[in-house]
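J.: Here the protein sequences line up with chains A and B, keeping their order. According to our numbering, the first sequence is numbered sequentially starting from 2. According to our numbering, the second sequence is numbered sequentially starting from 299. The beta-carbon is built from N, C-alpha and C at its ideal position, and this holds for glycine as well.
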Amino acid sequence: MNNRLKVLRAERDWSQAELASHLCVSRQAVNAIETGKHDPSLPLAFRIARLFELRIEEIFDDGK
Amino acid sequence: MTRLTRSLYSSRLLDITFALMGGGAIVVLAVDTPSTDPAGAASVSPLLGGGILAAMIVAVALLMCKASALDRRCADDYTYQTLALSAVIGLLTMVVGHALWAADFLLGRWLPDPGAGDMVLLALAGWAIGYLYYRLRGTVA
């Protein structure tokens, strides 16, 4: 699944650790999501969407 | 997903498989194990021994379910998924590794029979290798 997490994080000038802190997850989790190695759970996807004030489908794209 | 894979991975088939597997394993352990070592100093009747063993298996499994739920609450979903997926690899490594090791027509002809401790080590090694694999490669299928 593709996502815009890295771009959104860069727009706010946050490090991976800062974003992880906002989302209450590990930095490794943020890195794995950004690099497409992990698809977040639905609750985490909602937390990410709320944090960036976007809809989930504006951040994540399943390519279909 | 084809019709074949849909039916192979259907919840109903898995429910039946795990019911038979779990029930069978508990019954075999409870019936066979207490009667194989009657020479123990504090040996109990096979019926009582089997009952104690079956109760212990159920209690430990339920305790592990609770411990896993605690893991899930404390770890983020990436960490938990990595741990859980690698645990499956550990379990499968133990089962398949034991089959390869113990089979007379495979490694069994050269190696001594695997002991209980060897099984635990196989599972731990498989779990660690699985963890490394999913950390490097990610959890996406």
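Is it true that the stretch 362 to 372 of chain B meets the stretch 387 to 396 of chain B, where meeting means three or more beta-carbon pairs spaced less than 8 Å apart?
T.: No, the stretch 362 to 372 of chain B is not in contact with the stretch 387 to 396 of chain B.
J.: Can you tell me where the alpha helix (DSSP H) holding A/V8 begins and where it ends?
T.: Here the alpha helix (DSSP H) through A/V8 covers L6 to E12.
J.: B/R435 versus chain A: which residues are under 9 Å apart at the beta carbon?
T.: Within chain A, the residues near B/R435 are K38.
J.: Per DSSP, what kind of secondary structure is A/F61 in: helix, strand or coil?
T.: A/F61 falls in the strand class under three-state DSSP.
J.: Would you say B/T300 lies against chain A (beta-carbon separation less than 8 Å)?
T.: No, B/T300 lies away from the interface with chain A (no Cβ there is under 8 Å from its Cβ).
J.: So which of B/T331, B/L430 and B/R310 has the shortest CA-CA distance to B/A385?
T.: Ranking the options by Cα distance to B/A385, first place goes to B/L430.
J.: Between the C-alpha atoms of B/A414 and A/R10, what's the straight-line distance to the nearest angstrom?
T.: One C-alpha to the other measures close to 50 Å.
J.: I want to verify the contact list: residues of chain A whose CB lies under 8 Å from the CB of B/V438, in sequence order.
T.: Under the 8 Å cutoff, chain A gives M2, G37, K38, H39 and D40.
J.: For B/P410, report the span of its alpha helix (DSSP H) as first-last.
T.: Here B/P410 belongs to no alpha helix (DSSP H), and DSSP marks it neither H nor E.
J.: Take the Cβ of B/G428 as the centre, count every other Cβ of all protein chains shown within 10 Å, and call the residue buried at 16 or more, exposed below.
T.: Burial call: buried.
J.: Using a threshold of 8 Å, state whether the C-beta atoms of A/R28 and A/A21 are closer than that.
T.: Yes. Within cutoff.
J.: What does B/Y429 reach in chain A if we use C-beta pairs closer than 7 Å?
T.: Those do not exist, as B/Y429 stays about 12 Å from chain A at its closest Cβ, beyond 7 Å.
J.: I'd like to know whether the C-beta atoms of A/G64 and A/N3 end up nearer to each other than 8 Å.
T.: A contact, by the Cβ cut-off of 8 Å.
J.: Leaving out five residues before and five after B/P360 in sequence, what residues of the same chain have Cβ atoms less than 6 Å from its Cβ?
T.: The sequence shown places Leu at residue 360 of chain B, rather than the Pro named in the question. Excluding positions up to five away in sequence, the list is empty.
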